[in-house]
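Chains as they are written, first to last, in the numbering used here: chain A, 1 to 378; chain B, 1001 to 1379.
Have a look at the structure below before the remarks.
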Ligand code: SF4
Ligand code: SF4
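Spelled out as structure tokens, the structure:
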């Protein structure tokens, strides 16, 4: 008889209020006399660590719009401005929002109109990240700092790429932040954010350990939804609280033998490559569940600083320390995120999490990680 | 003149055979370079032939096992050619990251048909002319020089490098002369011929190309410049690939004449010289940071492509702009709306044509071009 599988999601409802608070604070920032930075890519942390700058993580805006049922309206505004459909949807969402503001177009939910920034920080991790900054700069004349963050082809390249990025940040980005904020960049403030953030990531990693269990008590989707606190509430107590709560749930489930898939756990453990399709998480899991299949691991969710133990929050050169995490630290984000290191990273995830099958997700409007890691089969 | 044109046509008609034949005859090494920023001069100074990788004329087949259909044409085509083994006559390949897609190609090539020599340059786009980017670029060029020395077994001295820069500068200045002649005498050459002249420069030894260009220019001078009548248009965009020759014919058949362009297999390729100095690597680095013609892949915020185009069109007294957009090219896709707005505000007629690899629908393009032709002054 065929087993009727059912998903048993973890309680991730704590994310909502935390994320809402982020957006509310952003909307109210100008009234409080703060400056605003729109940031794409991992260089956001320097603006985030500047007390009188409120940071908008551009990658989160798609989920924000989607959550308010406004994605279509904002994308239509982009097209009305002239944006072409083949561009990345993050690009179009921001330029669409900007077009609405610029032209005073009516909007059904004004909450999607964020305050316009004083500074644009494009960490060119994905090259597209600089394109939307450039477009907004051209249209509004807002100061834009775009920083090249190359993905490494080999581990040998990491030290010099790290130096290159550090030099760019010190030479170009930090002075721009100082100019906009009107004060000297406070390294101690950055440390004070990284300390609790490190603690949070350590708890989050404990949660990851549960993915190794068979059956797994949670799915990659549960974790995907839980990514937000490490960014939106970086270094804030509520972020730590969120992961502690998650850990407790996982411990309880394990103790009581409650798997993520009813009745007796997953049949297939899947690796998911590519970004998580935030608006379609439910749709995808409903497709997988009848087969007893669930996503367990993926490169993208593992990008965000999986080795917190390695972060030296007391480093003298804390500006460089953040960049070290991207290059020469065990995390080596810039290597794992590119095609070469990606292959190595995927192989490791497959082993560690006992993966049975792989799904490569790529779409026209999200460019990163489009290649298939194929070897010659001819 | 016809005889000279025949030679320009040879390489672009079948680059695979022509280059392999050249290699066979000279016993020299061929290095394929991915468009658009690799300094060919360093490869030439190593005694090898740099050839700019091109979009083939074949439908993509095996390539789709590695890249999705919504990658740009050069990307798909190079991957397809490489995995099929069609590029095996190349002794080496040099890649770069000018956009996300170009970063993926070397990985696929390496995993399938690795060439004997391969290098990947992390060439930064222009960012505010900062010292960090300049120092880093200089080091990247030095690294390429060293790797080529190891591969070729020959030292690339500053003298050799300067000789190569001189040779390439000469080629560029001859091509610019040809373009200047076309600006002054619209229609002196067919669009397809101009394209093949530039394209052949990307494929054949510059020594030969310079000779051919000199003969062509002197022939033209001898015979006088025959102009043609038509609406003057400027071609813009078409990053990394050459547009279909039929497309250029169609433009002319509809009574328009291309008077200038900023396309890659066009002015963009030969716009900027490197200086001759006692620091040739430094000179190549400085050339890399020249901001014009505006390159949308460069992340540059201080210059504006739309404004640059307006200036050019006004100077040429052209009737409009035909934008050729390499389909699925994010740098151009993201820039285009602002160009359109700038041109509309300046009252300059413009039409957008997407250039794909094999699925180009000439009929629908014809309709668009016809209405554009009517817009700039009916027939
Ligand atoms: S292409 Fe993908 S990675 Fe790049 S900015 Fe867009 S959504 Fe982000
Ligand atoms: S055509 Fe565009 S997308 Fe393709 S390689 Fe060139 S710059 Fe990149």
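C-beta: ideal position from N, C-alpha, C; glycine also.
Quick caveat, the model's predicted, so the values are computed rather than measured.
{"Query": "State the DSSP-derived secondary structure class of residue 39 of chain A, mapped to helix, strand or coil.", "Result": "strand"}
{"Query": "So, are the CB atoms of residue 1085 of chain B and residue 1029 of chain B less than 8 Å apart?", "Result": "no"}
{"Query": "Give the straight-line distance between the Cα atoms of residue 192 of chain A and residue 61 of chain A, rounded to the nearest whole angstrom.", "Result": "26 Å"}
{"Query": "Could you tell me the alpha carbon to alpha carbon distance between residue 349 of chain A and residue 151 of chain A, rounded to whole angstroms?", "Result": "19 Å"}
{"Query": "Determine the DSSP secondary structure at residue 59 of chain A, reduced to helix, strand or coil.", "Result": "helix"}
{"Query": "What does residue 1228 of chain B reach in chain A if we use C-beta pairs closer than 9 Å?", "Result": "What residue 1228 of chain B touches in chain A: nothing, since even the nearest Cβ is about 33 Å away."}
{"Query": "Taking DSSP as the reference, what is the three-state secondary structure of residue 307 of chain A?", "Result": "coil"}
{"Query": "Check whether the segment 183-191 of chain A and the segment 265-272 of chain A touch, using three or more Cβ-Cβ pairs below 8 Å as the test.", "Result": "no"}
{"Query": "Against chain A, does residue 1063 of chain B count as a neighbour if the rule is that its beta carbon must be under 8 Å from one of theirs?", "Result": "no"}
{"Query": "Considering just the uninterrupted stretch of the beta strand (DSSP E) at residue 1078 of chain B, what are its terminal residues?", "Result": "Careful: residue 1078 of chain B lies outside any beta strand (DSSP E), inside the alpha helix (DSSP H) at 1073-1084."}
{"Query": "Starting from residue 161 of chain A, find everything on chain B with Cβ-Cβ shorter than 8 Å and list it in chain order.", "Result": "1122"}
{"Query": "Pull up the DSSP beta-bridge partners for residue 352 of chain A, would you.", "Result": "BP columns for residue 352 of chain A are empty, so no partner."}
{"Query": "What residues in the segment 1127-1156 of chain B bring their beta carbon closer than 8 Å to a beta carbon of chain A?", "Result": "1127, 1128, 1130, 1131, 1132, 1133, 1135, 1136 and 1139"}
{"Query": "Using a Cβ-Cβ cutoff of less than 6 Å, which residues in the same chain neighbour residue 1043 of chain B once the five nearest sequence positions on both sides are dropped?", "Result": "1031 and 1050"}
{"Query": "Are there 16 or more other CB atoms within 10 angstroms of the CB of residue 351 of chain A, so buried, or fewer, so exposed?", "Result": "exposed"}
{"Query": "I'd like to confirm something about residue 91 of chain A: is its beta-carbon nearer than 7 Å to some heavy atom of ligand 1, or not?", "Result": "yes"}
{"Query": "Verify the contact flag: residue 126 of chain A, CB atom, against every heavy atom of ligand 1, threshold strictly below 7 Å.", "Result": "yes"}
{"Query": "Less than 8 Å between CB atoms is the rule here; does residue 1303 of chain B satisfy it with respect to chain A?", "Result": "no"}
{"Query": "For residue 1335 of chain B versus residue 1323 of chain B, is the C-beta distance shorter than 8 Å?", "Result": "no"}
{"Query": "Quick check: the Cα distance between residue 217 of chain A and residue 194 of chain A, rounded to an integer number of angstroms?", "Result": "29 Å"}
{"Query": "Please report the straight-line C-alpha distance between residue 1376 of chain B and residue 1182 of chain B, rounded to a whole angstrom.", "Result": "20 Å"}
{"Query": "Given this structure, state the Cα-to-Cα distance separating residue 147 of chain A from residue 1333 of chain B, to the nearest angstrom.", "Result": "20 Å"}
{"Query": "Would you verify that the beta carbon of residue 348 of chain A is, or is not, closer than 8 Å to some beta carbon of chain B?", "Result": "no"}
{"Query": "Spatial neighbours of residue 368 of chain A within its chain, please: C-beta separation below 6 Å, excluding the five flanking residues on both sides.", "Result": "Confidence at residue 368 of chain A is low in this model, with a pLDDT of 45, below 50, so the placement of that residue should be treated as unreliable; the coordinate-derived value is given next. Taken in chain order, the residues that qualify are 126."}
{"Query": "Any beta-carbon of chain A closer than 8 Å to the one on residue 1235 of chain B?", "Result": "no"}
{"Query": "Does DSSP put residue 144 of chain A in a helix, a strand or coil?", "Result": "strand"}
{"Query": "By how many angstroms is the C-alpha of residue 1235 of chain B removed from the C-alpha of residue 1292 of chain B?", "Result": "16 Å"}
{"Query": "Measuring CB atoms only, is the segment 1310-1325 of chain B touching the segment 1231-1249 of chain B, in the sense that at least three cross pairs come out at less than 8 Å?", "Result": "yes"}
{"Query": "For residue 139 of chain A, which residues from the same chain have a beta carbon less than 7 Å from its beta carbon, with the 5 sequence-adjacent residues on both sides left out?", "Result": "98 and 102"}
{"Query": "Quick one: is the Cβ of residue 1324 of chain B within less than 7 Å of any heavy atom of ligand 2?", "Result": "no"}
{"Query": "Under 8 Å, Cβ to Cβ, is there at least one residue of chain A near residue 1080 of chain B?", "Result": "no"}
{"Query": "Are there any heavy atoms of ligand 1 lying less than 7 Å away from the beta-carbon of residue 129 of chain A, as far as the coordinates show?", "Result": "yes"}
{"Query": "List, in chain order, every chain A residue whose beta-carbon is nearer than 7 Å to that of residue 1299 of chain B.", "Result": "124, 130, 134 and 146"}
{"Query": "Between which two residues does the beta strand (DSSP E) carrying residue 1265 of chain B extend?", "Result": "Neither: residue 1265 of chain B is in no beta strand (DSSP E) and is coded neither H nor E."}
{"Query": "Once DSSP output is grouped into helix, strand and coil, what is the label at residue 202 of chain A?", "Result": "helix"}
{"Query": "Over what stretch of residues does the beta strand (DSSP E) that includes residue 358 of chain A continue unbroken?", "Result": "357-360"}
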